[in-house]
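In our numbering, the protein residues as written are 2 to 508.
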């Protein structure tokens, strides 16, 4: 008997066993089934509520627009055991003022219980910052914290706009636009790179730039071989040829990647869903600043503009009392530097944090600072037990191991990184400006009569004052391959090529 007939017979028999029936009625959906679903949900939420009372929770805001352009604001609660949805509000007809945001968040605080809320987390839009001031006035025992990933993205965008980096980006864009705009060069590129693309769409303008420059660097040899081949002699891409063969250009790409890599690592830590990242943010930003200084040969004239952007953007966002307290109590840093508490910035932040947490109870503050903290510092009491002390030994190799374990999903798991990469976008249109453009200065960049489409493109940028996304123009990308970000670990990109002009690049 045919296999499909056997399968159909089995299906028919099972259907009969189910008996006569049909979909639930409107009444059943609205009453008994809905009530059962609510009860099941409450049972699942109960462990979260118990955790809030035990160790507190964070309220997270999420404002977005659906396909019908309706403005919606969600509130979620995060604790040690996970995140749950709390409420949603459509605000299409309401102005998103600081007062409106504050009132909505304040209602949530009342619902959860002010004593159970540690912080409120939002992005850096100006209306959210205004709401933060209102919260501090009414609820001085609750922190208002900026989204770490959003803040770091703003830092990256700001640094990428420095002239020393925009030149490299524009040269690289002109190169990729030339390759992707013509059938012949696109076909040649695919042939030389074994059908791997060179453009990677990112979630922001900076992300597209970083990922695409990274991809270009990885395919440097193939691109040089392509532009020096006999096939390419028929092409008129003189400027693109000069770019690919330029030592200064590739040194610029190397410098871009090595300077930004430390901050991109921090961004990946900040957006890691599986681990709490606050305890690492301040410390890793400090390490990133030192790494950038080292890359720029410790010359203040080279790194000052970059560090100024980092310091300005992270001020009151990633160096809050809560961040500094988490930094101090993180064993990774605490036992590595015995004088950490002596740092003026750290000690001031810790005292400010205790003032909020202890609600002005100076006896409790005194106990924490003068009794419990010294015990923690000397690994006394429970902190001195072998199982605890083993992970906190003052050994660089051990601490590196702790750091690697924390980031194992970021650095070693190909599948997780491919699915969760915070830079990589799922929409190809995010990389439009790396593929199409009006080439006003490259009229001679033509291949066999093919014209470049007269079109413009936009990708999302991060703004602090107005963080609303715009719909992007659509582009036909059916014939374009986009490179995945499967196993690129941002460690280093090799040494720069020797060229006397490269010394002037950073300057």
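All residues carry an ideal CB built from backbone N, CA and C; glycine is no exception.
Residue i vs residue j beta-carbon contact at 7 Å
i           : j           : result
residue 99  : residue 128 : yes
residue 34  : residue 48  : no
residue 265 : residue 218 : no
residue 304 : residue 294 : yes
residue 323 : residue 354 : yes
residue 271 : residue 149 : yes
residue 187 : residue 244 : no
residue 220 : residue 259 : no
residue 1   : residue 214 : Outside the modelled stretch of the chain, which goes from 2 to 508, sits residue 1, for which no answer is possible.
residue 267 : residue 153 : yes
residue 376 : residue 156 : no
residue 46  : residue 85  : yes
residue 89  : residue 71  : no
residue 327 : residue 279 : yes
Nearest-angstrom beta carbon gap, residue j and residue i [assumed within contact, 8 Å]
i           : j           : result
residue 61  : residue 79  : 6 Å
residue 204 : residue 37  : With 8 Å as the limit, residue 204 and residue 37 do not qualify as a contact, their Cβ atoms being about 39 Å apart.
residue 342 : residue 325 : With 8 Å as the limit, residue 342 and residue 325 do not qualify as a contact, their Cβ atoms being about 10 Å apart.
residue 210 : residue 289 : Their Cβ separation, rounded to whole angstroms, is 18 Å, which puts residue 210 and residue 289 out of contact at 8 Å.
Residue i (DSSP reduced to helix, strand or coil)
i           : result
residue 236 : coil
residue 204 : coil
residue 63  : strand
residue 153 : helix
residue 359 : coil
residue 396 : Reliability of the predicted coordinates at residue 396 is poor, the pLDDT of 44 falling under 50, and the value obtained from them is presented with this limitation in mind. Residue state, collapsed to three classes: coil.
residue 278 : coil
residue 316 : coil
residue 79  : strand
residue 220 : coil
residue 85  : strand
residue 169 : helix
residue 297 : coil
residue 241 : helix
residue 99  : helix
residue 136 : helix
residue 259 : helix
residue 148 : coil
residue 162 : coil
Nearest neighbour of residue i, chosen from the options [CA to CA]
i           : options               : result
residue 425 : 68, 168, 212 and 40   : 212
residue 159 : 263, 215, 301 and 206 : 206
residue 226 : 189, 329, 200 and 197 : 189
residue 230 : 192, 113, 173 and 163 : 192
residue 54  : 45, 372 and 81        : 81
residue 251 : 364, 136 and 166      : 166
residue 117 : 273, 56, 77 and 139   : 56
residue 173 : 197, 110 and 242      : 242
residue 379 : 300, 279, 339 and 248 : 339
residue 64  : 96, 51, 316 and 434   : 96
residue 434 : 367, 200, 103 and 111 : 200
residue 237 : 182, 216 and 269      : 182
residue 196 : 348, 169 and 224      : 224
residue 111 : 91, 87, 307 and 239   : 87
residue 131 : 106, 296 and 222      : 106
ask   = Is the stretch 112–127 touching the stretch 142–162, taking contact as three or more C-beta pairs under 8 Å?
value = Taking one beta carbon from each stretch, the stretch 112–127 and the stretch 142–162 have 3 or more pairs nearer than 8 Å; the two touch.
Can you find at least 3 beta carbon pairs, one from the stretch 318–337 and one from the stretch 279–293, that sit closer than 8 Å?
Touching, yes, given that three or more Cβ pairs across the two stretches are closer than 8 Å.
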